[in-house]
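Participant: In case it helps, UniProt numbering puts the sequence shown at residues 1 to 163.
Backbone N, C-alpha and C define an ideal beta-carbon position, used for all residues, glycine too.
Keep in mind the model is a prediction, meaning the values are calculated, not measured.
Take a look at the following structure, please.
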Amino acid sequence: VLKQDIANLSIHLRTKKEMSKVDAHWELIPEIKKLRDEIAPNTLLTINGDIPDRATGLKLVEQYGVDGVMIGRGVFTNPFAFEIDPKEHSVKEFIDLLFLHLDLHDKYSKEFGPRPFKPLLRFFKIYIRGFKGAGELRNQLMDTKSTDEVRRLVQQVLDNEKD
1 VLKQDIANLS
11 IHLRTKKEMS
21 KVDAHWELIP
31 EIKKLRDEIA
41 PNTLLTINGD
51 IPDRATGLKL
61 VEQYGVDGVM
71 IGRGVFTNPF
81 AFEIDPKEHS
91 VKEFIDLLFL
101 HLDLHDKYSK
111 EFGPRPFKPL
121 LRFFKIYIRG
131 FKGAGELRNQ
141 LMDTKSTDEV
151 RRLVQQVLDN
161 EKD
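Right, here's the structure in full:
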């Protein structure tokens, strides 16, 4: 691959068979860099694997001298993974982010044609957590069929919490 004069090579530091079942092999980075330096010194290296947030990514860039990092699964546990100044987020902030996600889904469905709803289901666990009844609400959300239905159900739970 490096002999093909590519601008950037992204390395997922696990094999296809390993997937995410084992820790990323960060220990291989020096060997990968050495190989890159010998074959294609102008090719940038981006690494991926077990990088939960921006701070960890910056540490890896400094420690290993790579050119960049990609955050994958990290956003599924922390949608604020790219924050410059990380902080704790309230339930309201997570719910607001869910509503933004739904709004963007609707916006792009109007602009570019209907977007399938079902792929959104996997994201609800990111936003609906950290409060009493979150698990039950997530289960109910799995049966929804539209963004409007999600909004109504979430709002109903929030309104009941106020009572």
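What residues are listed by DSSP as bridge partners for residue 10?
Facilitator: Per DSSP, 46.
Participant: Terminal residues of the continuous beta strand (DSSP E) containing residue 157?
Facilitator: No beta strand (DSSP E) contains residue 157, which is instead part of the alpha helix (DSSP H) from 147 to 162.
Participant: Once you ignore the five residues that flank residue 67 on each side, which residues in its own chain have a CB closer than 7 Å to its CB?
Facilitator: Answer for residue 67: 44, 45, 46, listed in chain order.
Participant: Rounded to whole angstroms, what's the CA-CA distance from residue 62 to residue 134? Just pull it up for me.
Facilitator: Between residue 62 and residue 134, the C-alpha separation is close to 38 Å.
Participant: Of the choices 114, 101, 122, whose alpha-carbon is the least far from that of residue 151?
Facilitator: With distances taken between Cα atoms, residue 151 lies closest to 101.
Participant: CB residue 14 to CB residue 22, shorter than 8 Å?
Facilitator: Contact flag set, yes.
Participant: Tell me the DSSP bridge mates of residue 57?
Facilitator: DSSP output for residue 57 lists no bridge partner at all.
Participant: If distances are taken between C-alpha atoms only, which option among 144, 11, 28, 125 comes closest to residue 94?
Facilitator: Comparing Cα positions, the closest option is 125.
Participant: Since I believe residue 69 is in contact with residue 48 (beta carbons under 8 Å), could you give me their beta-carbon distance rounded to a whole number of angstroms?
Facilitator: Contact holds; Cβ gap of about 7 Å.
Participant: Do residue 30 and residue 55 have their CB atoms nearer than 8 Å?
Facilitator: Cβ atoms of residue 30 and residue 55: not closer than 8 Å.
Participant: Closer than 7 Å by C-beta to residue 24: which residues in its own chain qualify, once you throw out the five before and the five after it? Chain order, please.
Facilitator: The residues are 13, 14, 49, 50.
Participant: So for residue 22, helix, strand or coil by DSSP?
Facilitator: Of the three classes helix, strand and coil, the one that applies to residue 22 here is coil, per DSSP.
Participant: How long is the line joining the alpha carbons of residue 106 and residue 3, rounded to whole angstroms?
Facilitator: Spanning the two alpha carbons is a distance of roughly 43 Å.
Participant: Considering Cα atoms alone, identify which of 81, 39, 141, 19 is closest to residue 121.
Facilitator: Residue 121 has its Cα closest to that of 141, out of 81, 39, 141, 19.
Participant: Using 8 Å for Cβ pairs, my map puts residue 79 next to residue 97. What's the rounded Cβ distance?
Facilitator: 6 Å between Cβ atoms; contact.
Participant: Use the C-beta contact count for residue 108: other C-beta atoms within 10 angstroms, 16 or more gives buried, fewer gives exposed.
Facilitator: It is exposed - the Cβ of residue 108 has fewer than 16 other Cβ atoms within 10 Å.
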